[in-house]
Every structure is written in structure tokens, then in C-alpha cells.
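*Asks:* I have a structure here, written as C-alpha cells, and I will follow up with some questions on it.
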């Protein structure tokens with residue numbers, strides 16, 4: 001049953017690769033401004049779900065609506081509302097930070113003046129203003145991930161999908177990323193963040209959704225409960 | 001909501017040119033291969049001037065085809081390596097714009113190599129390869145080859161054996177380009193009447209248009225999982 005207030009509406013969603021089911025009949029809704037922690041072991045289907053939500057992959061059966069637009073028929077409109085950060089930076093190594101953002105800004109149809117303004121602002125927010133004209137290939141993993149967040153936020157999407165964003169980062173880089181993501185840049189934005197590192201789920205995540213073998217085994221507000229406790233009971 | 005086609009294409013070409021000007025990973029490798037190839041053929045055919053004149057159009061096209069294969073593979077690998085293809089697919093642009101952008105980038109890089117080796121071949125083989133019609137034939141043939149190469153490189157780059165798979169997949173499909181391009185080039189070089197080589201040239205143009213339309217239609221499916 002669809003929720004009229006939902007920004008993301010997923011109904012009976014299944015995905016199979018070569019006959020092998022990865023996601024089995026998922027149903028859930030996400031309201032504007034919600035921060036959902038998507039938990040599950042490796043291979044539980046978290047990345048597949050985020051690829052489906054971002055329009056990078058097509059469902060085998062079921063429906064996905066984002067902001068009222070249905071996929072895959074209206075995928076173009078959905079893609080304009082979504083920003084995706086993965087463990088890969090999705091950046092061009094032989095372009096500078098500014099050139100990367102400028103390129104993606106053009107693809108999202110942002111006019112030159114507005115693009116320049118947003119790029120300058122985002123580079124400052126992610127702490128890369130001084131490295132704006134350095135090639136991405138000279139960046140550390142943490143810097144690439146921060147620039148990746150700027151790339152995903154450039155078109156001011158309604159929904160930010162984070163797929164294991166902490167993968168391969170050291171403690172200092174993780175804290176810096178948290179600071180950017182949850183304290184300033186994306187406050188108030190709808191966020192779905194997948195992780196298998198329970199200790200990395202920010203306190204601001206108001207809801208947990210646990211995937212196990214392609215099914216949702218827990219979907220509720222986190223309240224004051226401990227993530228490890230939720231995960232253990234949902235995976236049992 | 002959707003970024004205009006022409007703006008998306010221009011952005012992709014601009015990005016490819018800028019990245020190449022900085023890294024010089026594509027054109028330099030293609031040009032080096034082309035240089036070695038024409039030198040090897042030049043030495044191999046040195047003793048027989050007649051055979052050299054007969055073979056020069058074949059040498060030109062075999063060199064360009066293998067050089068372009070190196071370039072197409074590398075160009076798509078750049079999109080695949082850091083997951084950049086996903087970033088392109090996430091943008092509100094049509095799949096056709098991605099295809100045309102990548103195609104024109106590949107075409108420009110291969111054309112630069114061709115325009116560099118034509119004077120060199122003229123000097124080495126003693127034939128007038130800097131002829132207007134040779135340049136037209138070369139440009140058209142390279143465009144057709146880049147069309148099919150861009151489509152197939154997008155497919156093969158998603159496999160582990162991409163370096164080996166692209167030539168295997170591409171050479172049989174590109175055979176019509178090769179045959180008509182060699183015939184047209186040979187006709188122009190031999191000084192034959194225009195009526196003799198305009199037929200193959202027209203056929204080359206027709207094959208290019210057919211392949212371009214087919215590739216535009218198929219590209220969306222190639223990008224799907």
C-alpha cells in the first residue's frame with residue numbers, strides 16, 4: 001500500500017541476477033527528511049537495493065517511486081533527485097577537483113554562474129578549497145570521498161544514498177566525513193545509508209532497516225535502542 | 001529535468017579532451033603503435049617497390065584499425081575503472097548522449113593519429129597520401145570504425161578479458177568498413193577514374209550511417225546489466 005506522504009515508495013520489489021534472487025518482495029516507504037540506516041551482512045542485498053533506488057539497475061518485479069516519479073519509466077526524473085556516494089569515488093583521476101564538479105554540474109544542466117557558485121561553496125564545505133585545482137589522482141582516499149560527497153550534492157538532490165561510504169577510511173577521515181555529512185552539508189535531507197559496520201551508524205539515523213538474505217527482517221524507529229541489539233535480533 | 005542532448009555531448013567530449021591533454025594516455029600509445037607498425041611494414045616491403053605500392057592502402061587501414069582498438073579500450077576503461085560510468089548513468093542525460101560523446105572523443109583521438117601518420121607514410125612509401133580524397137576516406141572510415149568500436153568497447157570493458165575480447169568482437173563486424181575503405185583508398189592512390197573509387201566511398205558512407213543508427217538504438221541495452 002503506498003503512503004501519500006512518502007518520498008520513496010517501494011512495493012513488492014524483487015531483483016534476481018541470472019535466476020538467482022537477491023532481493024525478495026521488499027515493501028517500505030521513506031518520508032521526506034528521514035535518515036534510514038540500511039543494515040545487513042555482506043551479500044544481503046544492500047548495494048543492489050541502493051542501485052535500484054538510484055535507477056542504475058532495473059527491478060525484476062515490483063515498483064519504485066521517488067518523489068511521485070515511477071521507475072524505470074521516469075528514471076530520468078528520478079535520477080535528477082538522487083545523489084549517490086559509494087565506496088568508489090566516481091571521479092575522474094586526471095581532472096582537478098573543480099573540473100570534476102564542473103563536468104558533473106554541466107551534466108545536471110546547472111547554468112555556469114550557479115555552477116561556479118555551488119562548486120566554490122561545496123569545496124569550502126568539504127574542506128577542499130585549497131586543493132580545488134589539484135588533480136584528483138593526487139588526493140588521499142578520504143579527500144576523494146569528501147569530493148565524492150560534493151559531487152553527489154552538487155545538484156541539490158532530495159535524496160542522498162550512501163553505500164558503505166566509510167569503506168577504506170581511517171578514523172580521522174571517518175570523523176571528518178561524519179562532520180560534513182551529518183552536521184552541516186546535508187542536514188534536513190532524506191538519507192539512506194548502507195553499512196555493515198554497526199558502530200558507524202550515526203546517532204541521527206532515526207530508523208533502521210535490516211536486510212537478511214534479500215528480505216527485510218527489521219524496519220522500525222531506532223529510538224534509544226542499540227544498533228547491535230537491533231541487528232542481532234533481526235538477523236537471528 | 002533532462003539536460004539538453006547537445007550540452008551533455010559537449011560536456012563529455014570536453015572532459016575526454018581535457019583528461020587526455022593532461023594524461024596523454026590514449027593518443028601517445030596509439031601514435032606509437034601506428035609509428036612502429038608503418039615502420040615494420042616499410043622495412044618488410046622495402047625490397048619490392050611494386051608490392052609496397054600495392055600494399056600501402058592495406059597497411060594504412062590495418063595500422064589505423066589496431067591503433068584505434070588500443071584507444072577505444074583505454075577510453076572506456078577510464079570510465080569503468082573508478083566507477084565513473086555509474087556517475088554518467090546517474091546523470092539526467094540520455095544514453096544516446098553518452099554514446100555520441102564517447103564516439104566523438106574516440107573519433108577525434110584516432111583522427112589525430114591518422115593525420116600524423118599520413119605525412120610519415122608519404123615520406124616512407126613515396127606515395128601521395130596527403131590527397132584530399134584520401135583524407136575524406138580516412139575521416140569517414142575512422143568515424144565508422146569509432147561508431148562500432150565505442151559500442152563494443154562499452155560491452156567488453158565490463159568483462160575481465162576486455163583487452164583480448166574487443167578485437168575478437170570487433171574485427172568481423174568492422175570488416176565491411178575495412179574492405180570498402182581499402183578499396184576506395186587504393187582507387188584514389190592508383191589514380192584510377194573517380195567513377196571507380198566513388199562507389200566504394202559511397203558504400204563506406206552508407207555502412208557508416210547504418211551502423212551509427214544501429215549503435216544509437218542498441219546502446220541503451222548495452223548499458224543495462
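Protein chains in written order, with the numbering used here: chain A, 1 to 236; chain B, 1 to 225.
Quick reminder that beta carbons are idealized off the backbone N, C-alpha and C, glycines included.
Everything numeric in this text was worked out from a predicted model, so none of it was measured.
(1) Is DSSP giving residue 93 of chain B helix, strand or coil here?
(2) Compare the C-alpha of residue 238 of chain A against each of A:156, A:160, A:142 and A:151 and name the closest.
(3) Could you pull the start and end residues of the beta strand (DSSP E) that residue 159 of chain A belongs to?
(4) Helix, strand or coil: how does DSSP classify residue 42 of chain A here?
(5) Taking the alpha helix (DSSP H) that residue 141 of chain A belongs to, which residues open and close that run?
(6) Can you list, in chain order, the residues of its chain whose CB lies under 7 Å from that of residue 178 of chain A, leaving out five sequence neighbours each side?
(7) Against chain B, with Cβ distances strictly below 7 Å, would residue 80 of chain A count as a contact?
(8) Relative to the C-alpha of residue 198 of chain A, which residue among A:17, A:227 and A:205 is closest?
(9) With DSSP as the reference, label residue 126 of chain A as helix, strand or coil.
(10) Are three or more beta carbon pairs between the region 59 to 68 of chain A and the region 10 to 24 of chain B nearer than 8 Å?
(11) Identify whether residue 85 of chain A lies in helix, strand or coil by the three-state DSSP scheme.
(12) Please classify residue 15 of chain A: does DSSP put it in a helix, a strand, or coil?
(13) Could you name the residues of chain A that residue 3 of chain B contacts, counting a contact when the two beta carbons are closer than 8 Å?
(14) Using the rule of at least 16 other Cβ atoms within 10 Å of the residue's Cβ for burial, across every protein chain shown, is residue 43 of chain B buried or exposed?
(15) To be precise: take each residue of the region 132 to 156 of chain B, compare its Cβ to all Cβ atoms of chain A, and keep it if any distance is under 7 Å. Which residues remain?
(16) Note down, in chain order, every chain A residue with its Cβ under 7 Å from the Cβ of residue 23 of chain B.
(17) Residue 25 of chain A by DSSP, collapsed to three states: which one?
(18) Answer with buried or exposed for residue 210 of chain B, where buried requires no fewer than 16 other C-beta atoms within 10 angstroms of its C-beta.
(19) Could you name the residues of chain A that residue 102 of chain B contacts, counting a contact when the two beta carbons are closer than 7 Å?
(20) Do we get a CB-CB distance below 7 Å when we pair residue 185 of chain A with the residues of chain B?
(21) With distances taken from CA atoms, which of A:47, A:18 and A:92 is nearest residue 23 of chain B?
(22) Taking a Cβ distance cut-off of 9 Å, strictly less, list which residues of the region 4 to 16 of chain B are near chain A, in chain order.
(23) If residue 161 of chain A and residue 192 of chain A are in contact, beta carbons under 8 Å, what's the gap, nearest whole angstrom?
(24) Could you list which residues in chain A have their beta carbon closer than 8 Å to that of residue 82 of chain B, in chain order?
(25) Please state the DSSP three-state secondary structure of residue 27 of chain B.
(26) Answer yes or no: does any C-beta atom of chain A fall closer than 7 Å to that of residue 93 of chain B?
(27) Does any C-beta atom of chain B lie closer than 7 Å to the C-beta of residue 103 of chain A?
(28) Okay, do the region 168 to 181 of chain B and the region 135 to 153 of chain B touch, 3+ Cβ pairs below 8 Å being the bar?
(29) Taking its Cβ as the centre, do 16 or more other Cβ atoms sit within 10 Å of residue 200 of chain B, making it buried, or is it exposed?
(30) Look up residue 177 of chain A in the DSSP assignment and say whether it is helix, strand or coil.
(31) Taking Cβ-Cβ distances shorter than 7 Å, what residues in chain B pair up with residue 54 of chain A?
(32) When burial is assigned at 16 or more other CB atoms within 10 Å of the CB, is residue 148 of chain A buried or exposed?
(33) Which value, in whole angstroms, describes the spacing of the CA atoms of residue 131 of chain A and residue 144 of chain A?
(34) In whole angstroms, what is the alpha-carbon distance linking residue 126 of chain B and residue 38 of chain B?
(35) Nearest CA to the CA of residue 33 of chain A: which residue from A:138, A:231, A:157 and A:163?
*Replies:* Let me spell this out:
(1) Within the second chain, the letter at position 93 stands for residue 93 of chain B. In the structure shown, residue 93 of chain B sits in coil (DSSP, three-state: anything other than H, G, I, E or B).
(2) Nothing about residue 238 of chain A can be read from this structure; chain A reaches only from 1 to 236.
(3) Position 159 of the first chain, counted from the start, is the residue given in the question as residue 159 of chain A. Start and end: 159 to 163.
(4) Residue mapping note: residue 42 of chain A aligns to position 42 of the first chain, counting from 1. Coil, per DSSP.
(5) The sequence position of residue 141 of chain A within the first chain is 141, counting from 1. Where residue 141 of chain A is concerned, the enclosing alpha helix (DSSP H) starts and stops at 141 to 153.
(6) On the first chain, residue 178 of chain A is found 178 positions in, with the first residue counted as 1. The residues are 202.
(7) By one-based count along the first chain, residue 80 of chain A stands at place 80. Interface with chain B (7 Å Cβ-Cβ cutoff): residue 80 of chain A is included.
(8) Here residue 198 of chain A refers to the residue found at position 198 when the first chain is read from its first residue. When each option's Cα is compared against that of residue 198 of chain A, the closest is A:227.
(9) Counting from 1 along the first chain, the entry for residue 126 of chain A is found at position 126. Correct three-state label for residue 126 of chain A: coil.
(10) By the C-beta criterion, the region 59 to 68 of chain A is judged not to be in contact with the region 10 to 24 of chain B, since fewer than 3 inter-stretch pairs fall below 8 Å.
(11) Translated into the one-based positions of the first chain, residue 85 of chain A becomes position 85. In this structure, residue 85 of chain A counts as strand in the three-state DSSP scheme.
(12) For the purposes of this step, residue 15 of chain A is taken as the residue at position 15 of the first chain. Of the three classes helix, strand and coil, the one that applies to residue 15 of chain A here is strand, per DSSP.
(13) Within the second chain, numbered from 1, the residue matching residue 3 of chain B stands at position 3. Chain A residues near residue 3 of chain B: 106, 107, 108 and 109.
(14) Taking the first residue of the second chain as 1, we reach residue 43 of chain B at position 43. Counting Cβ neighbours within 10 Å, residue 43 of chain B comes out exposed, since fewer than 16 surround it.
(15) none
(16) For the purposes of this step, residue 23 of chain B is taken as the residue at position 23 of the second chain. Within 7 Å Cβ-Cβ: 94.
(17) As a position in the first chain, residue 25 of chain A is number 25, starting the count at 1. If DSSP states are grouped into helix, strand and coil, residue 25 of chain A belongs with the strands.
(18) One-based indexing of the second chain puts residue 210 of chain B at position 210. Answer is exposed; the Cβ neighbour count stays below 16.
(19) Numbered from its first residue, the second chain carries residue 102 of chain B at position 102. None at all; the shortest Cβ gap to chain A is about 13 Å.
(20) In the first chain, residue 185 of chain A corresponds to position 185, counting from 1. In this prediction, residue 185 of chain A scores a pLDDT of 48, lower than 50, which makes its location untrustworthy; no coordinate-derived value is stated.
(21) Position 23 of the second chain, counting from 1, holds the residue named residue 23 of chain B. Considering only alpha carbons, the answer is A:92.
(22) 4, 7, 8, 10, 11, 12, 14 and 15
(23) Start at 1 with the first residue of the first chain, and residue 161 of chain A comes out as number 161. Start at 1 with the first residue of the first chain, and residue 192 of chain A comes out as number 192. Going by Cβ atoms, the distance from residue 161 of chain A to residue 192 of chain A rounds to 5 Å, so yes, they are a contact pair.
(24) Counting from 1 along the second chain, the entry for residue 82 of chain B is found at position 82. Chain A residues near residue 82 of chain B: 88, 89, 90, 91, 92 and 93.
(25) Position 27 of the second chain, counting from 1, holds the residue named residue 27 of chain B. For residue 27 of chain B, the secondary structure class from DSSP, reduced to helix, strand or coil, is helix.
(26) In the second chain, residue 93 of chain B corresponds to position 93, counting from 1. Any Cβ of chain A closer than 7 Å to the Cβ of residue 93 of chain B would place that residue at the interface, and such an atom is present.
(27) By 1-based counting over the first chain, the position of residue 103 of chain A is 103. Yes, because at least one Cβ of chain B sits closer than 7 Å to the Cβ of residue 103 of chain A.
(28) These segments touch.
(29) Your numbering for residue 200 of chain B matches position 200 in the second chain. So residue 200 of chain B ends up on the buried side.
(30) Within the first chain, residue 177 of chain A is the residue found at index 177, counting from 1. Residue 177 of chain A: helix per DSSP, three-state reduction.
(31) Looking up residue 54 of chain A in the first chain gives position 54. Neighbours of residue 54 of chain A on chain B, chain order: 90.
(32) Your numbering for residue 148 of chain A matches position 148 in the first chain. So residue 148 of chain A counts as buried.
(33) On the first chain, residue 131 of chain A is found 131 positions in, with the first residue counted as 1. On the first chain, residue 144 of chain A is found 144 positions in, with the first residue counted as 1. Cα to Cα, residue 131 of chain A sits roughly 11 Å from residue 144 of chain A.
(34) Working through the second chain from its first residue, we reach residue 126 of chain B at position 126. Working through the second chain from its first residue, we reach residue 38 of chain B at position 38. Between the alpha carbons of residue 126 of chain B and residue 38 of chain B lies a gap of roughly 13 Å.
(35) Counting from 1 along the first chain, the entry for residue 33 of chain A is found at position 33. When only C-alpha atoms are compared, the closest one is A:157.
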